[in-house]
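Colleague:
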Amino acid sequence: MSALFFQYLMAGLTYGMIYAVVGMGFNIIYNATGVINFAQGEFVMLGGMIAVSLVKILPLPLAILLAVLATMVVGALVELVFIRWLSSPSVLRMIIITVGISILIREAALLIWGQNVRALPYFTGSEITSLSIGGARMSPQVLWTLGACSALVALTTAFFRWSSTGKQMRACASNRVAASLCGLPTRNLVTASFILSAGMGALAGCVVSPITYTQYNIGTGLAMKGFTVAILGGLGSSLAAVAAGLVLGVLEAFAVSVMPSAYKDAVSITLLLAILFLRPTGLFAARVAYRP
Amino acid sequence: MLTVRTLDVAYGAVTVLRGVSLHVKEGEVVAIVGANGAGKTTLLKAITGLVRPRRGDVRLRGESILEVGTARIVARGCSLVPEGRQIFGDLSVRDNLLLGAHVQYRRGKAAEVRADLERILGMFPILGKRSGQLGGTLSGGEQQMLAIGRALMARPTLLMLDEPSMGLAPLVVKEIFNVISTISLAGCTVLLVEQNARGALKIAHRGYVLETGRIVLEGSAEDLLASREMQRAYLGRDVNLETARVTT
Ligand SMILES: Nc1ncnc2c1ncn2[C@@H]1O[C@H](COP(=O)(O)OP(=O)(O)OP(=O)(O)O)[C@@H](O)[C@H]1O
Ligand SMILES: [Mg+2]
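Protein sequences appear in the order of chains A and B.
According to our numbering, the stretch in the first sequence is residues 5 to 296, in order.
According to our numbering, the stretch in the second sequence is residues 28 to 275, in order.
1. Strictly under 8 angstroms for the Cβ-Cβ distance: is A:A4 near chain B by that measure?
2. For A:C186, would you say it is in contact with chain B, using Cβ-to-Cβ distances shorter than 8 angstroms as the test?
3. Thinking C-alpha only, which one of A:I32, A:V72, A:F231 and A:V78 is nearest A:C176?
4. Got a list of residues with beta-carbon closer than 5 angstroms to any non-hydrogen atom of ligand 1, in chain order?
5. Which runs of the beta strand (DSSP E), 3 residues or longer, sit entirely within the segment 80-146 of chain B?
6. For A:T128, which of A:I215, A:F198, A:Q172 and A:L58 has the nearest alpha-carbon?
7. Any heavy atom of ligand 2 closer than 7 angstroms to the Cβ of B:E190?
8. Examine ligand 2 and report whether any of its heavy atoms sits within less than 7 angstroms of the Cβ of B:E221.
9. Compute every distance between the C-beta of B:E110 and the non-hydrogen atoms of ligand 2, then say whether any falls below 7 angstroms.
10. Am I right that B:V31 and B:V47 are in contact with their C-beta atoms under 8 angstroms? What's the rounded C-beta distance?
11. Hey, B:A231 and B:A248 are a contact pair by Cβ (cut 8 angstroms); roughly how many whole angstroms apart?
12. Using the Cα positions of B:Y261 and A:K171, report the straight-line distance between them to the nearest angstrom.
13. Rounded to whole angstroms, how far is the Cβ of A:S178 from the Cβ of A:Q44, which I believe are closer than 8 angstroms?
14. Output the distance between the C-alpha atoms of A:M21 and A:T102, rounded to the nearest integer angstrom.
15. Would you list the residues sitting across from B:R32 in a DSSP beta bridge?
16. What's the gap between the Cα of A:A293 and the Cα of A:S241?
17. A:G139: buried (16+ other C-beta within 10 angstroms of its C-beta) or exposed?
18. For B:A253, which of B:F115, B:S211 and B:R233 has the nearest alpha-carbon?
19. Counting contacts by CB-CB distance shorter than 8 angstroms, is B:R177 in contact with chain A?
20. Leaving out five residues before and five after B:R133 in sequence, what residues of the same chain have Cβ atoms less than 8 angstroms from its Cβ?
21. Out of curiosity, what's the CA-to-CA distance linking A:S213 and A:G187?
22. Could you confirm whether any beta carbon from chain A is found closer than 8 angstroms to the beta carbon of B:Q113?
23. Under 8 angstroms, Cβ to Cβ, is there at least one residue of chain A near B:T97?
24. How would you list, in chain order, the residues of chain B whose beta-carbon sits under 8 angstroms from the beta-carbon of A:A182?
25. For A:N179 and chain B, any beta-carbon pair shorter than 8 angstroms?
26. Terminal residues of the continuous alpha helix (DSSP H) containing A:V25?
27. Are any of the Cβ atoms in chain A nearer than 8 angstroms to that of B:T68?
28. Would you say B:V41 reaches chain A, if we count a Cβ-Cβ gap shorter than 8 angstroms as a contact?
29. Name, please, each residue of chain B whose Cβ falls closer than 7 angstroms to the Cβ of A:K171.
30. Going by beta-carbon coordinates alone, are B:L188 and B:G167 separated by less than 8 angstroms?
31. Assuming contact is defined by CB atoms lying nearer than 8 angstroms, are A:Y23 and A:S261 in contact in what I supplied?
32. Do you know how far the Cα of B:P152 is from the Cα of B:H50?
33. Which residues in chain C have a C-beta closer than 7 angstroms to the C-beta of A:P189? List them in chain order.
34. Can you give the Cα-Cα distance for B:L237 and A:L276, rounded to whole angstroms?
35. Near B:Q170, which residues of its chain fall below 6 angstroms by C-beta distance, leaving aside the five closest residues on each side in sequence?
36. Which residues of chain B have a Cβ atom closer than 8 angstroms to the Cβ of A:A234, listed in chain order?
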């Protein structure tokens with residue numbers, strides 16, 4: 005029983021880490037622009053799909069690196085082409101634009117890759133390799149996913165806390181006018197937030213693809229989960245989104261053990277609606293997010 | 028140093044500035060005074076490229092800066108301490124100051140930035156004591172000093188301040204005005220926007236009076252302080268306000 009429990013827990017944490025990374029991506033762009041970027045899930049899809057294509061001709065690490073870089077370029081293009089020229093768009097307009105971008109990327113992916121389900125090879129071992137931890141059996145890829153996503157979260161946090169570009173991005177997020185009065189290149193910093201967010205999504209998409217597989221349309225579901233997580237944590241706060249992601253992942257995993265797996269997605273939607281009704285500032289937010 | 032010529036600014040259909048012309052010479056302290064809604068903040072926003080004027084020209088050292096963009100205007104040595112301080116609340120005092128030095132880093136003057144940081148922390152000892160604290164936790168007066176310090180970190184040749192005395196206790200106001208005099212003595216040209224006409228004109232060389240978007244009066248600071256119109260419209264009311272503040 006406890007081994008089974010552990011198995012569900014690990015599965016939950018794996019998915020939870022992915023949701024956390026997507027949620028963090030939402031937050032980075034939200035902080036910089038006040039925009040919820042509904043194309044966030046497409047970055048995860050692109051990372052996985054591009055890496056799968058590249059791995060046929062390149063070694064795995066290089067394929068992943070190039071896939072992440074290519075997705076970062078897409079992120080930059082999204083900002084440069086669709087977002088940058090809007091001076092002070094309404095929230096509704098921004099939602100329509102980012103949903104539009106996500107449809108565009110998805111359709112392009114369908115054209116390029118078709119409907120086939122793909123996956124990267126396992127980073128170490130194969131589908132049948134399994135590690136035994138505490139009596140529970142799991143794929144080493146689970147550890148890769150947990151490790152890579154935790155490292156990503158830690159690096160991103162360190163970047164915002166200590167690096168000078170990270171501090172500039174925070175300044176720009178907290179008060180764009182004041183940032184430009186400090187001589188900061190505010191528009192480029194916003195582009196940087198799209199690049200960062202796209203890169204994070206893409207890397208998550210690569211490490212998780214051997215377990216969850218990837219397809220042109222996985223972005224929508226992930227965006228939904230990431231959005232739930234971002235809201236759950238209180239929009240804008242990254243570490244809270246990580247905690248919320250883990251909570252959602254684990255909840256889903258245990259939900260599957262007591263009800264048909266077709267209802268798995270219902271968990272996040274129920275949670276999202278409940279949060280929006282009961283505690284719109286998020287589970288962990290002690291105060292209403294302040295944005296000047 | 029700075030020349031503004033027949034500037035018109037409108038927000039949508041509402042014209043806020045009409046034919047505003049003024050100049051600031053190198054080394055001067057120039058005050059712009061006017062009541063709420065006169066258009067003082069709008070004028071400073073137009074100079075720093077935060078709003079686009081409908082007509083007219085703004086020249087910094089002879090070159091038009093209308094199309095230059097805020098960040099580049101700062102890089103050219105014209106800094107604004109904005110209305111309401113606008114410090115970065117969730118960054119430390121020290122980080123706020125270092126962010127202000129961005130253009131200095133771009134000029135490749137990292138060594139000078141370190142010296143400037145020490146100088147500014149010396150100029151505002153309270154900031155030195157609080158350098159690790161988040162900007163948002165400072166008091167109003169401390170935030171104003173931080174905002175001024177942050178602007179000085181860019182090593183501006185023209186410093187513009189938008190109502191630095193707003194909402195501060197008389198003693199702190201006095202301190203802020205002293206600081207502005209010191210900055211001017213150190214060779215920085217100052218354009219000071221204030222509702223506290225008396226305080227501003229006392230440290231200024233010249234002044235302009237802005238009323239519903241037009242310059243209605245200009246002259247040397249002594250002349251303005253002595254002028255009857257000023258006494259009636261601004262200084263008189265100021266005195267009343269000040270006594271009211273003391274008695275309540
Ligand atoms: N973004 C804006 N959109 C529309 N109208 C504005 C905007 N900003 C300012 N105004 C209007 O322009 C006029 C001048 O405003 P401004 O802020 O320049 O005045 P001010 O002299 O700085 O006043 P105060 O002393 O209260 O700061 C006001 O009537 C104000 O309502
Ligand atoms: Mg004002």
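Ideal Cβ positions, reconstructed from N, Cα and C, are used throughout, including at glycine.
Modeller: So, from the data block:
1. Lying before the first or after the last residue shown, residue 4 of chain A is absent from chain A, which here runs from 5 to 296.
2. yes
3. A:I32
4. B:Y38, B:V43, B:N63, B:G64, B:A65, B:G66, B:K67, B:T68 and B:T69
5. 82-87 and 105-108
6. A:I215
7. yes
8. no
9. yes
10. 6 angstroms
11. 5 angstroms
12. 43 angstroms
13. At roughly 22 angstroms, the Cβ-Cβ gap does not stay under 8 angstroms, so A:S178 and A:Q44 are not in contact.
14. 24 angstroms
15. B:D84
16. Any reading at A:A293 is ruled out, since the residue's pLDDT is 42, under 50, leaving its predicted position unreliable.
17. exposed
18. B:R233
19. yes
20. A102
21. 42 angstroms
22. yes
23. yes
24. P109, Q113, I114 and F115
25. yes
26. S6 to T37
27. no
28. no
29. L118, D122 and L126
30. no
31. no
32. 34 angstroms
33. Of the protein chains in this structure, namely A and B, none is chain C.
34. 53 angstroms
35. R112 and I114
36. What A:A234 touches in chain B: nothing, since even the nearest Cβ is about 18 angstroms away.
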